[in-house]
RNA sequence: GCUCGUAUAGUGUAGUGGCCCAUCAUGAAGGCCUCUCGAGCCUUCGACCCGGGUUCAAAUCCCGGUACGAGCACCA
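Residue numbers (the working numbering): 21 to 492.
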């Protein structure tokens, strides 16, 4: 009999391919040349969710094998694990630091040489590019194993080759259809000291080699990576084939662009911060995780945001408002209401009205009440003045401040107001600019870091010296 | 140049031959509720890149276009 298949909308992340009852081992491998940013949060969230979903393991790996182009930043080794935990809700099961596993990479590099799957190439980059394009062998390819071993030693010898003089190449074949796969480079010489291990090593593996070896050693079952690394997968598979290892399942995603963030690179941010363009890594204008957290974007919002975007290979552009709508859902129930009066205008009240009001801090949730002692005047925003309005939770007044009704008597606009307040600055990150709005903030004693909702304005977070806009 | 990938409403996304005159979210418009321009609820708008082919039947398979993106680094 034919079974009717129920087609329901799939919720959440798609199934991990070829799991076959295994507990998956996933990894996220940032370069600690700077702190985590919005882009990293995708990899973190998706990998961590899968690991949690299937009771598997998450590996946090520092791919810190470049001391020249992307020199490691020591603080990042501390800040990244902390932020990983904050974002994912649990800390990674394993922490791997590539620079401390160099002996393994060297062992395997030597194995590739000994098994004649690698050779030391002393051609220049330009020379090799020609060979690659013309599918012709470079002269170094004919070195025998012993020659290669000798040259390898010379790469490792501080009196031997200098950076740029020689690289180790995998002998994948110059006749590969895909030019990217032709005898790809696996290791090169760097003499800049590494901040963690100094000058202990001279020959450092490149990503395709280091990552491939480490994934094997860690028993990684599933790799989730950008589709820009598709050729990386193919290169690594050739290495796995040589060692007769099984390559992990690989899932790719496309590029994500957030228009409001424009293009930031870690190195550019680093430069701008040192030049004082930004106040620090958590400057609200920056797309770093610390800035987002500071701005009141909650970890669970980032998680549901990325899960909803899913794992398609499409390159997508998402407006920040999508992230905000996720965030609103999580902060709305916990945000007490406060009045913030921009451009305040004092209104003298006349007529009958109570001298004390107790107003709730949230329309639905149970929160401590706000208590107002009302004297003879209140403040409203200039924009709301000059017309009859309803003071929210208080009374109807005329344009002159005559109290016309305690109960709501008509459909006049409802405005927020305040008896007295503290001169406060609200900071708003608008693209690459910071806008500041002065106003009178209702008295409160919420601690720093509390997200409040400024009535009729939006959400803001309490900072030491004022308010920082979350979003509206 | 070579190689690889992707194409469903404004934006994301579900959907792997019939349940799809296509899902959900977000957005926009309107309404309800509410003493916030917040939250919630309701309604409406809006899409299968193009052209062939296979098939009784295609968003789903095949071929060819087109568009966009990526790799070919001594970065990750």
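Note that beta-carbon positions come from the ideal geometry of N, C-alpha and C, so glycine has one too.
Practice prompt. Taking only the alpha-carbon atoms, compute the straight-line gap between residue 195 and residue 151 and give it to the nearest angstrom.
Written response: 10 Å
Worksheet item: Any idea which residues DSSP pairs residue 444 with across the strands?
Response: 459
Practice prompt. Pick out whichever of 197, 211, 156 and 307 has its Cα sitting closest to the Cα of residue 180.
Written response: 211
Practice prompt. Take residue 276 as the anchor and find which of 340, 302, 404 and 310 has the nearest alpha-carbon.
Written response: 340
Worksheet item: Pick from 426, 376, 382 and 435: whose alpha carbon is nearest that of residue 403?
Response: 435
Discussion item. Whether or not the stretch 458-469 and the stretch 322-339 are in contact is what I'm after, with contact meaning three or more pairs of Cβ atoms, one per stretch, closer than 8 Å; do they touch?
Written reply: no
Worksheet entry | Buried versus exposed call for residue 3 [16 or more other C-beta atoms within 10 Å across all chains shown] | The requested residue 3 does not occur in the structure, where the chain is confined to residues 21 to 492.
Discussion item. Taking 9 Å as the threshold (C-beta atoms), are residue 106 and residue 313 in contact?
Written reply: yes
Worksheet entry | Reference residue 46, options 116, 29 and 97, closest by Cα | 116
Discussion item. For the alpha helix (DSSP H) containing residue 303, name the first residue and the last one.
Written reply: Residue 303 -> no alpha helix (DSSP H), and no H or E assigned at all.
Item to complete: Enumerate in chain order the residues of its own chain whose CB-to-CB distance from residue 31 is below 6 Å, with the five nearest sequence positions on each side excluded.
Response: none
Fill in: C-alpha distance - residue 336 paired with residue 170, whole-angstrom precision
49 Å
Worksheet item: Relative to the C-alpha of residue 227, which residue among 50, 429 and 184 is closest?
Response: 50
Worksheet item: From residue 122 to residue 310, what distance separates their C-alpha atoms?
Response: 31 Å
Discussion item. Give me, in chain order, the residues of the same chain whose beta-carbon lies closer than 8 Å to that of residue 306; leave out the 5 immediate sequence neighbours on both sides.
Written reply: 57, 284, 289 and 298
Item to complete: Note down, in chain order, each residue of its chain lying with its Cβ closer than 6 Å to the Cβ of residue 23, except the 5 sequence neighbours on either side.
Response: Residue placement at residue 23 cannot be trusted, given a pLDDT of 35 that sits under 50; the coordinates are not used to answer.
Worksheet entry | Three-pair Cβ contact test at 8 Å for the stretch 83-90 versus the stretch 208-224 | yes
Item to complete: Could you work out which residue in 424, 42, 346 and 352 is closest to residue 323 when comparing CA atoms only?
Response: 346
Discussion item. Distance check for residue 249 and residue 440, CA to CA, integer angstroms please.
Written reply: 59 Å
Worksheet item: Three-state secondary structure (DSSP) at residue 5?
Response: Outside the displayed range of the chain (21 to 492) lies residue 5, so it cannot be described from this structure.
Item to complete: Look at the alpha carbon of residue 77 and the alpha carbon of residue 109, and state the distance between them as a whole number of angstroms.
Response: 14 Å
Worksheet item: So is residue 472 buried or exposed if we call it buried at 16+ other beta carbons inside 10 Å?
Response: buried
Worksheet item: For residue 114, which beta-bridge partners are listed by DSSP?
Response: 79
Discussion item. Can you tell me whether residue 473 is helix, strand or coil according to DSSP?
Written reply: strand
Practice prompt. Out of 132, 456 and 267, point me to the one whose CA is closest to residue 252's CA.
Written response: 267
Worksheet item: Which residues in the same chain as residue 422 place their Cβ atom closer than 6 Å to its Cβ, once the five residues preceding and following it in sequence are excluded?
Response: 370 and 371
Practice prompt. Measure the C-alpha to C-alpha separation of residue 188 and residue 205 and round it to an integer number of angstroms.
Written response: 6 Å
Item to complete: Give the single residue among 452, 93, 481 and 467 whose Cα lies nearest to the Cα of residue 280.
Response: 452
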